[in-house]
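K.L.:
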Amino acid sequence: MENSHEPAFGDDAIEAVAFLARSEHRLRVLALLDDGVHSRTALGEHTGVSRVTLSRILNDLADRTLIEHDPTENTYALTGFGELVYADFARLLGTVSVGQAVPDVVDRLPTEWFDFELRCLSESTLVAPDSDDPLAAARVVANAVQDASSFHALLGTFISLPMYTFEDAVRSGDPPDGVVLFDASLTETMVDDADLRNRWRHIEAEIGSTVYYTVDDPVPCSIDLIDGDTVFLTVDREQHSGFDILRCTHPAVVRWARETIERQLADATPLDRCLSARS
């Protein structure tokens with residue numbers, strides 16, 4: 001019986017995709033036109049190809065109805081079809097780039113939780129991947145917290161170092177504006193562990209306001225938003241102890257991190273109320 005779920009891709013469609021994939025210059029032209037109308041001269045300057053090669057590229061793309069030419073202005077633009085094709089192609093390339101950049105992490109990313117396309121992580125970096133120190137990546141986040149003007153965190157994996165550096169900043173008299181949200185499992189740790197409990201209570205006492213909260217929803221991967229423009233995503237390792245941390249500054253990822261933390265904070269409970277409830 002024929003599989004009704006098998007994608008019906010014809011040879012012509014596959015060849016059309018291969019046509020684009022075989023040439024970086026074709027994709028470069030589409031990328032330029034995705035930003036708006038360009039003259040032939042501007043396309044030549046940005047691609048750096050010869051006039052003969054550029055003519056061939058433009059003719060090939062026009063033959064496939066991906067671009068259109070305005071002879072009166074000698075300018076080129078994407079067709080509606082070209083916009084759709086380039087958007088899908090760019091999405092595919094971005095997704096593949098993430099898999100190539102962080103192959104050991106990509107399968108553990110909670111993509112169903114993200115409200116951004118995976119390709120937005122294509123320019124992210126794996127923090128301290130080659131260090132023999134298992135806490136090297138955590139130190140990067142901790143130092144970022146200490147040096148920040150503001151930080152907002154939603155945590156499902158607890159790393160103590162950022163709390164310690166935040167405490168140091170409080171002690172020095174110049175702490176960042178901070179908010180930390182713990183999921184249910186971490187909340188138990190923060191309440192039950194005497195040392196951690198004393199630390200966060202001391203921090204809040206010194207600052208004079210609530211810093212630490214608890215949330216009901218599970219947190220698939222921890223989020224640290226530093227100064228409103230840098231996101232650290234902490235992903236647990238499945239078969240080994242420890243974690244991996246990605247650093248990203250893509251606007252879509254930053255926006256998602258900010259909105260996710262704000263949404264959770266709206267329904268969060270101050271951590272000290274958990275102590276009151278137990279007493």
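Under UniProt numbering, the first residue of the sequence shown carries the number 1, and numbering increases by one thereafter. Built from N, CA and C at the ideal position, the CB exists for glycine as well.
1. For R28, which of S39, H46 and T41 has the nearest alpha-carbon?
2. Assign L233 to one of two classes, buried (16 or more other C-beta atoms within 10 Å of its C-beta) or exposed (fewer than that).
3. Short of 8 angstroms in beta carbon distance, which residues of its chain neighbour A31, apart from the five on each side in sequence? Order them along the chain.
4. If you count every other CB in all the chains shown that lies within 10 Å of the CB of H202, and 16 or more means buried, which is it?
5. Return helix, strand or coil for S50, following the three-state DSSP convention.
6. What does DSSP give as the partner residue(s) for residue 298 in the beta ladder?
7. Among the candidates A138, D133, W113 and T95, whose CA atom is the shortest distance from the CA of S122?
8. Using 8 angstroms for Cβ pairs, my map puts V105 next to D244. What's the rounded Cβ distance?
9. Straight-line CA distance for V215 to D35?
10. Would the region 258-269 count as touching the region 208-222 if we require 3 or more Cβ pairs under 8 angstroms?
11. What distance in whole Å lies between the Cβ atoms of P162 and A136, which are believed to be in contact at a cut-off of 8 angstroms?
12. Is it right to say M1 is buried, meaning 16 or more other beta carbons lie within 10 angstroms of its own, or is it exposed?
13. What are the partner residues of S39, as DSSP defines its beta bridges?
14. Determine the burial state of D177: buried for a count of at least 16 other Cβ atoms within 10 Å of its Cβ, exposed for fewer.
15. Anyone know if the C-beta pair for L66 and G82 falls short of 8 angstroms?
16. Using alpha carbons as the reference points, say which of V235, G173, F182 and S131 lies closest to H152.
17. Is T260 helix, strand or coil by DSSP?
18. Does DSSP put S97 in a helix, a strand or coil?
19. So if DSSP puts S160 in a beta bridge, which residue, or which two residues, is it bridged to?
20. If I follow the unbroken alpha helix (DSSP H) through V29, where does it start and stop?
21. Is the beta carbon of L118 less than 8 angstroms from the beta carbon of T125?
22. When the Cα of D227 is compared with those of D193, R199, D147 and D195, which residue comes out closest?
23. Just the C-alpha distance for S131 and G242, rounded to the nearest angstrom, thanks.
24. Who are the near neighbours of T187 in its chain, counting only those whose CB is closer than 8 angstroms to its CB and skipping five residues on each side?
25. Please go through the same chain and pick out, in chain order, the residues whose beta-carbon is closer than 8 angstroms to the beta-carbon of S23, but skip the five residues on each side of it.
26. Should D11 go down as buried or exposed, given a rule of 16 or more other Cβ atoms within 10 Å for buried?
27. Which of the three DSSP states is assigned to D133 in this structure?
P.N.:
The answer reads as follows:
1. On the sequence shown, residue 28 is found 28 positions in, with the first residue counted as 1. Across the set S39, H46 and T41, the C-alpha of H46 shows the shortest separation from the C-alpha of R28.
2. If you number the sequence shown from 1, residue 233 lands on position 233. It counts as buried.
3. Taking the sequence shown and counting its residues from 1, the one referred to as residue 31 is at position 31. Around A31: Y86 and A90.
4. Here residue 202 is taken as the residue at index 202 of the sequence shown, counted from 1. Exposed, by the Cβ-count rule.
5. Walking along the sequence shown from the start, residue 50 turns up at place 50. In the structure shown, S50 sits in coil (DSSP, three-state: anything other than H, G, I, E or B).
6. With the chain covering only 1 through 279, there is no way to say anything about residue 298.
7. For the purposes of this step, residue 122 is taken as residue 122 along the sequence shown, with counting starting at 1. Per the Cα distances, T95.
8. Here the question's residue 105 lines up with position 105 in the sequence shown. Here the question's residue 244 lines up with position 244 in the sequence shown. Yes, they are in contact, since the Cβ atoms of V105 and D244 sit about 5 angstroms apart, within 8 angstroms.
9. The residue you call residue 215 lines up with position 215 of the sequence shown. The residue you call residue 35 lines up with position 35 of the sequence shown. Near 41 angstroms, if we compare the C-alpha coordinates of D35 and V215.
10. yes
11. The residue you call residue 136 lines up with position 136 of the sequence shown. The residue you call residue 162 lines up with position 162 of the sequence shown. Not confirmed; about 14 angstroms, so no contact.
12. The residue given as residue 1 occupies position 1 in the sequence shown. The predicted model places M1 with a pLDDT of 44, which falls under 50 and marks its position as unreliable; any figure quoted below should be read in that light. So M1 ends up on the exposed side.
13. Working through the sequence shown from its first residue, we reach residue 39 at position 39. Beta-bridge pairing links S39 to T75.
14. Residue mapping note: residue 177 aligns to position 177 of the sequence shown, counting from 1. By the neighbour-count rule (16 or more Cβ atoms within 10 Å), D177 is not buried but exposed.
15. In the sequence shown, residue 66 corresponds to position 66, counting from 1. In the sequence shown, residue 82 corresponds to position 82, counting from 1. Yes.
16. On the sequence shown, residue 152 is found 152 positions in, with the first residue counted as 1. Ranking V235, G173, F182 and S131 by Cα distance to H152 puts F182 first.
17. As a first step, residue 260 is located in the sequence shown; it is residue number 260 there, counting from the start. Three-state result, T260: helix.
18. Here residue 97 corresponds to residue number 97 of the sequence shown, with the count starting at 1. In this structure, S97 counts as helix in the three-state DSSP scheme.
19. The residue you call residue 160 lines up with position 160 of the sequence shown. According to DSSP, which records beta bridges pairwise, S160 is partnered with nothing at all.
20. Here residue 29 is taken as the residue at index 29 of the sequence shown, counted from 1. In this chain, the alpha helix (DSSP H) harbouring V29 covers E24 to D34.
21. Against the sequence shown, residue 118 aligns to sequence position 118. Against the sequence shown, residue 125 aligns to sequence position 125. No; because the gap between Cβ atoms is not below 8 angstroms, this pair is not in contact.
22. The residue labelled residue 227 in the question sits at position 227 within the sequence shown. Closest option to D227, Cα to Cα, is D147.
23. On the sequence shown, residue 131 is found 131 positions in, with the first residue counted as 1. On the sequence shown, residue 242 is found 242 positions in, with the first residue counted as 1. C-alpha separation (whole angstroms): 13 angstroms.
24. Locating residue 187 in the sequence shown gives position 187, where the first residue counts as 1. Result list for T187: T214, L271 and C274, in chain order.
25. To locate residue 23, count along the sequence shown from 1; it is residue 23. I57.
26. The sequence position of residue 11 within the sequence shown is 11, counting from 1. Looking at its Cβ environment, which holds fewer than 16 other Cβ atoms inside 10 Å, D11 is exposed.
27. Stepping through the sequence shown from its first residue, residue 133 is reached at position 133. D133 falls in the coil class under three-state DSSP.
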